[in-house]
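Colleague:
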Amino acid sequence: MEALLKLQPVNAMTNVRGIRAVLDNLEIQVRGVQALGIDSAQYGTLLIPIFIEKLREELRLIVSREHKDNWELTSVIKTVKNEVEARERCGMNTSVEKKSPLKKSFNPGNESSASALLSGKRGELNCLFRKGNHRAPECQVVTNIDEKR
Numbered sequence: 001m002e003a004l005l006k007l008q009p010v011n012a013m014t015n016v017r018g019i020r021a022v023l024d025n026l027e028i029q030v031r032g033v034q035a036l037g038i039d040s041a042q043y044g045t046l047l048i049p050i051f052i053e054k055l056r057e058e059l060r061l062i063v064s065r066e067h068k069d070n071w072e073l074t075s076v077i078k079t080v081k082n083e084v085e086a087r088e089r090c091g092m093n094t095s096v097e098k099k100s101p102l103k104k105s106f107n108p109g110n111e112s113s114a115s116a117l118l119s120g121k122r123g124e125l126n127c128l129f130r131k132g133n134h135r136a137p138e139c140q141v142v143t144n145i146d147e148k149r
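The numbers in UniProt numbering rise by one with no breaks, and the one at position 132 of the sequence shown is 132.
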């Protein structure tokens, strides 16, 4: 029972791993007590409030809807287990933070824009004015800005 008291409460409904960890820990404790030959009716009333306290309000509400009058430990565990398994099946396991997309920095040697499509070969630099192996702003043949336009 002390192990259950030390568990951290789950902070987000999307933290399926956290909910699963609390559920698994509870099941371990229940199996340990059952191995001693003690009936769940004797200790279930003690474990349910500790277990429910570790869950988010949304999950508590789901359990409460299912168990209006019957708060038997095994049925409460089954309800939470069904909810966790449903979330795992639909891929709601988002406890790992999503990485933001990487911003591409400008790299003059690596063309990946429309200029790369127009130039023909990837990695080659072609001047739009004289078809040289350099970029248009760096063109030494056409030096007048008005001629470049």
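Note that CB positions come from ideal geometry on N, CA and C, so glycine has one too.
1) Report back the beta-carbon spacing between Leu59 and Ile19 to the nearest angstrom; my notes put them in contact at under 8 Å.
2) If you run the structure through DSSP and keep just helix, strand and coil, what is Val141?
3) My output table needs one value for Val10: the three-state DSSP class, helix, strand or coil.
4) Which residues in the same chain as Thr79 place their Cβ atom closer than 8 Å to its Cβ, once the five residues preceding and following it in sequence are excluded?
5) Tell me where the alpha helix (DSSP H) around Asn82 begins and ends.
6) Measuring only the C-alpha atoms, how far is Arg87 from Thr45?
7) Could you tell me the alpha carbon to alpha carbon distance between Asn11 and Arg56, rounded to whole angstroms?
8) Under the rule that 16 or more other beta-carbon atoms within 10 Å means buried, what is Pro137, buried or exposed?
9) Quick one: give me the first and last residue of the alpha helix (DSSP H) that Asp69 is part of.
10) What residues in its chain sit with their C-beta under 7 Å from that of Lys54, if we drop five residues either side in the sequence?
11) Beta carbon of Asn25, beta carbon of Leu5: below 8 Å?
12) What three-state label does DSSP hand Asn15 in the structure shown?
13) Thinking C-beta only, is Val84 closer than 8 Å to Val16?
14) Taking C-alpha atoms, which residue in Val76, Ile50, Arg31 lies nearest to Glu2?
15) Return the CA-CA distance between Glu72 and Ala41, expressed in angstroms with no decimal places.
Modeller: According to the structure data:
1) Position 59 of the sequence shown, counting from 1, holds the residue named residue 59. Position 19 of the sequence shown, counting from 1, holds the residue named residue 19. With a beta-carbon spacing of about 7 Å, Leu59 and Ile19 fall inside the 8 Å limit used to define contacts.
2) Mapped onto the sequence shown, residue 141 falls at position 141. In this structure, Val141 counts as coil in the three-state DSSP scheme.
3) Counted from its first residue, the sequence shown places residue 10 at position 10. Correct three-state label for Val10: coil.
4) Here the question's residue 79 lines up with position 79 in the sequence shown. Cβ neighbours of Thr79 beyond the five flanking positions: Ile62, Val63, Glu66, His67.
5) In the sequence shown, counting from the first residue as 1, residue 82 sits at position 82. It spans 73-89 - the alpha helix (DSSP H) in which Asn82 sits, taken as one unbroken run.
6) For the purposes of this step, residue 87 is identified with residue 87 of the sequence shown, where counting begins at 1. For the purposes of this step, residue 45 is identified with residue 45 of the sequence shown, where counting begins at 1. Arg87 and Thr45: Cα-Cα distance of roughly 27 Å.
7) For the purposes of this step, residue 11 is taken as residue 11 along the sequence shown, with counting starting at 1. For the purposes of this step, residue 56 is taken as residue 56 along the sequence shown, with counting starting at 1. Answer to the nearest angstrom: the Cα atoms are 7 Å apart.
8) For the purposes of this step, residue 137 is taken as residue 137 along the sequence shown, with counting starting at 1. Pro137 should be labelled exposed.
9) Walking along the sequence shown from the start, residue 69 turns up at place 69. Asp69 -> no alpha helix (DSSP H), and no H or E assigned at all.
10) Reading the sequence shown from its first residue, position 54 is the one you call residue 54. Around Lys54: Leu7, Pro9, Val10, Val22.
11) Translated into the one-based positions of the sequence shown, residue 25 becomes position 25. Translated into the one-based positions of the sequence shown, residue 5 becomes position 5. No, the pair does not count as a contact, with Cβ atoms beyond the cut-off.
12) Taking the sequence shown and counting its residues from 1, the one referred to as residue 15 is at position 15. Here Asn15 carries a coil assignment [DSSP, helix/strand/coil].
13) Locating residue 16 in the sequence shown gives position 16, counting from the first residue. Locating residue 84 in the sequence shown gives position 84, counting from the first residue. Result yes, Cβ atoms of Val16 and Val84 sit closer than 8 Å.
14) On the sequence shown, residue 2 is found 2 positions in, with the first residue counted as 1. Nearest option by C-alpha distance: Ile50.
15) Position 72 of the sequence shown, counted from the start, is the residue given in the question as residue 72. Position 41 of the sequence shown, counted from the start, is the residue given in the question as residue 41. In a straight line, the C-alpha of Glu72 is about 7 Å away from that of Ala41.
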